[in-house]
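Below is one structure; the comments refer to it alone.
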C-alpha cells in the first residue's frame with residue numbers, strides 16, 4: 138500500500154484530506170493531543186476529542202496506535218492518530234508527507250523523511266526542507282505548486298477584514314456563549330476567556346469558535362465571524378482549502394506513483 142501522511146487536521150488540512158481521499162489515495166492524519174481548531178465543524182481534528190468526526194459525508198476516526206491507523210486506512214477509512222513527533226511513522230516507509238500545520242516557520246523535519254515532502258504556505262523552502270511548496274494565500278497564486286523557492290511571505294494579517302478574527306483578550310479557559318452557525322449581532326458577547334468578554338465587531342454568522350474548555354493564551358485566535366451571513370458555509374470545506382488540496386494532488390501526481398485504494 139502507498140500512504141499519504143498529513144500533519145494536521147485543521148480546516149485547510151481537512152480540505153486537502155478530502156480532495157486526496159476522493160481521488161482514491163490512502164490518507165493518514167496525525168494530530169496533537171489537544172488541537173485548537175476554530176472552524177471545528179469542518180476539521181477532522183475533532184475526531185481526537187469525539188472519537189470520530191464527519192465532514193461533508195466522510196468520517197475520520199481516532200485510532201490508538203499506528204498499527205490501528207494503518208489497518209483502518211487499508212480498509213478504506215480515514216484514521217486520525219495522535220502523533221505530534223511522527224517518530225514512530227518515520228520507521229515505516231511514507232510515500233508522501235504533507236505538512237499541513239500552517240506553522241509559518243521552518244519545520245523541524247526535512248525532505249529526507251519521505252520520497253515526496255510537501256509543505257503548505259510560508260516557512261517552507263522547496264529544494265531545502267521539502268520537495269514542493271503549495272501557496273496558501275488567496276489571490277491568483279492560491280494553490281500553485283512551487284518546486285523551488287517558497288510561498289508568499291506571511292503578512293501576519295488575516296485575509297479580508299481582520300476584525301472578523303476573534304482573539305483571546307487574556308490567558309485562560311474559553312467559555313462560549315454561542316455556537317458555530319449562530320447568527321450574531323454587533324457587540325454581542327460570544328465567549329469569555331479568563332473572565333474577560335469576547336464581543337463581535339459586526340453582525341454575521343459565527344463561522345468558527347474554539348472548543349469549549351480550551352485553555353489558551355492571550356492573542357490566540359478563538360473565533361471567526363462571517364459577515365456574508367450564510368449558515369451553510371459553516372459546514373462546508375472552503376474554496377481556499379479545496380484549491381490548496383488541488384495543488385497538493387497536482388504535486389503528488391507529478392512526482393509520485395501511488396496505487397489508489399482498492
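Numbering (our numbering), first residue to last: 138 to 399. Quick reminder that beta carbons are idealized off the backbone N, C-alpha and C, glycines included.
CA-to-CA distance, residue j to residue i, given in whole angstroms
i, j, result
"residue 247", "residue 377", "26 Å"
"residue 232", "residue 141", "6 Å"
"residue 193", "residue 369", "11 Å"
"residue 328", "residue 252", "45 Å"
"residue 237", "residue 204", "22 Å"
"residue 179", "residue 265", "32 Å"
"residue 196", "residue 183", "11 Å"
"residue 386", "residue 332", "44 Å"
"residue 216", "residue 158", "12 Å"
"residue 323", "residue 254", "44 Å"
"residue 290", "residue 245", "19 Å"
"residue 318", "residue 371", "6 Å"
"residue 412", "residue 383", "Limits of the chain in this structure are 138 at one end and 399 at the other, which puts residue 412 out of reach."
"residue 144", "residue 166", "6 Å"
"residue 379", "residue 198", "21 Å"
"residue 211", "residue 162", "10 Å"
"residue 213", "residue 160", "12 Å"
"residue 295", "residue 168", "24 Å"
"residue 339", "residue 330", "19 Å"
DSSP three-state assignment for residue i, whether helix, strand or coil
i, result
"residue 233", "strand"
"residue 307", "coil"
"residue 210", "helix"
"residue 363", "strand"
"residue 187", "helix"
"residue 216", "strand"
"residue 371", "helix"
"residue 168", "strand"
"residue 389", "helix"
"residue 294", "coil"
"residue 201", "coil"
"residue 377", "helix"
"residue 282", "strand"
"residue 173", "coil"
"residue 144", "strand"
"residue 195", "strand"
"residue 151", "helix"
"residue 313", "strand"
"residue 157", "helix"
"residue 94", "Past the boundaries of the shown model lies residue 94; the chain is included only from 138 to 399, so the question cannot be answered."
Exposed unless 16 or more other CB atoms sit within 10 angstroms - verdict on residue i
i, result
"residue 344", "buried"
"residue 187", "exposed"
"residue 148", "buried"
"residue 243", "exposed"
"residue 285", "exposed"
"residue 355", "exposed"
"residue 349", "exposed"
"residue 176", "buried"
"residue 172", "buried"
"residue 221", "exposed"
Cβ-Cβ distance between residue i and residue j below 8 Å
i, j, result
"residue 234", "residue 258", "no"
"residue 353", "residue 362", "no"
"residue 208", "residue 218", "no"
"residue 202", "residue 374", "no"
"residue 321", "residue 351", "no"
"residue 174", "residue 164", "no"
"residue 305", "residue 357", "yes"
"residue 263", "residue 283", "yes"
"residue 381", "residue 271", "yes"
Proximity test, residue i beta-carbon vs the ligand GTP heavy atom, cut-off 7 Å
i, result
"residue 323", "No copy of the ligand GTP occurs in the structure displayed, which carries no ligand at all."
CB contact below 8 Å: residue i versus chain D
i, result
"residue 312", "This model lacks chain D altogether; it includes just one protein chain."
Would you say the stretch 298-311 touches the stretch 271-287, given that touching needs at least three Cβ pairs under 8 Å? A contact between stretches requires three or more CB pairs, one per stretch, nearer than 8 Å, and the stretch 298-311 fails this requirement with the stretch 271-287.
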